[in-house]
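My numbering puts the first residue of the sequence shown at 10, with every later residue one more than the last. One structure below.
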Amino acid sequence: MYSLKDTLSEQFVIHGSINTEHSKIDNKLITENISKDLEKMVFDYPNYTYDIKINYHAQHSWVFSLINEKINLDHNLPIQNSEAWANVEGCNEISVKRNNLDLNKIEGAPHYTLIYITNAGVNSGELILDYNTQHMKQKIHRLPIETGNFYLFNSNIDYYLSKNYDEENRVSMTWTCFKR
10 MYSLKDTLSE QFVIHGSINT EHSKIDNKLI TENISKDLEK MVFDYPNYTY
60 DIKINYHAQH SWVFSLINEK INLDHNLPIQ NSEAWANVEG CNEISVKRNN
110 LDLNKIEGAP HYTLIYITNA GVNSGELILD YNTQHMKQKI HRLPIETGNF
160 YLFNSNIDYY LSKNYDEENR VSMTWTCFKR
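In structure tokens form, the structure reads like this:
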């Protein structure tokens, strides 16, 4: 005789910062590399989200590894990177509202979305999470955007970055992830 527990719904967001004075992460270098990738990018259909294909750089791996270690240590949640891209929003630009769950292909879909802010000005907006509760009531959760901040949440949650009111470009990297 035995009993099992199945979790049907578990929505959460883990957020924090990896900005420290001792960090070897060079956000300025990452931002420059993303800007170079953006210059080479041709936005063809169906890239309606304006995702920038990024070329591999060692800093990308360091950022992901550092965030992964932090999340695993603090929350016992080891994650594995699946796909990565970047986004850049200039002054008065807003990101596209989206989630990273393909309803036509649920099997093999990523469990989580991880966003890391590589560059943000003083008034760069907020990360907006837009989701329904178990009672189908719409909820909105707002998180401040600052350079060095990271946000991990379920891939089925709709999200976008609000309007960037700063003259400086807001630059972010996004990974889709699986629980290891």
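Note that the Cβ used here is the ideal one computed from N, Cα and C, for glycine as well. Every value quoted in this text rests on a predicted model; they were computed, and no experiment measured them.
- CA-to-CA, the gap between D111 and A95 works out to about 19 Å.
- In this model, I76 and G99 are separated by some 26 Å (Cα to Cα).
- Judged by DSSP secondary structure, V51 falls outside any alpha helix (DSSP H); it is assigned neither H nor E.
- When beta bridges are read from the DSSP output, S26 appears opposite N158.
- The beta carbon of I166 is closer than 7 Å to those of Q20, N108, L138, Y140 in its chain, skipping five residues each way along the sequence.
- Between the C-alpha atoms of T127 and T185 there is a straight-line separation of about 17 Å.
- Counted as a single uninterrupted DSSP element, the alpha helix (DSSP H) harbouring L75 occupies residues 67-84.
- Nearest Cα to E102 within the set F187, R189, V180: V180.
- Excluding five sequence positions before and after F73, the CB atoms of its chain that fall closer than 7 Å to its own CB belong to N90, W184, given in chain order.
- The C-beta distance from I63 to I43 rounds to 6 Å, short enough to fall under 8 Å.
- For the set Y65, K172, I124, Y168, the Cα lying nearest the Cα of I27 is the one of I124.
- The alpha-carbon of I61 is positioned some 17 Å away from that of S70.
- With contacts defined as CB atoms closer than 8 Å, K188 and H84 fail to qualify as a contacting pair.
- For I149, the enclosing beta strand (DSSP E) starts and ends at 147-153.
- Bridge partners of T183 according to DSSP: W94, I124.
- Selection I80, S133, T58 evaluated against V105 yields T58 as nearest (Cα-Cα).
- Here K37 carries a helix assignment [DSSP, helix/strand/coil].
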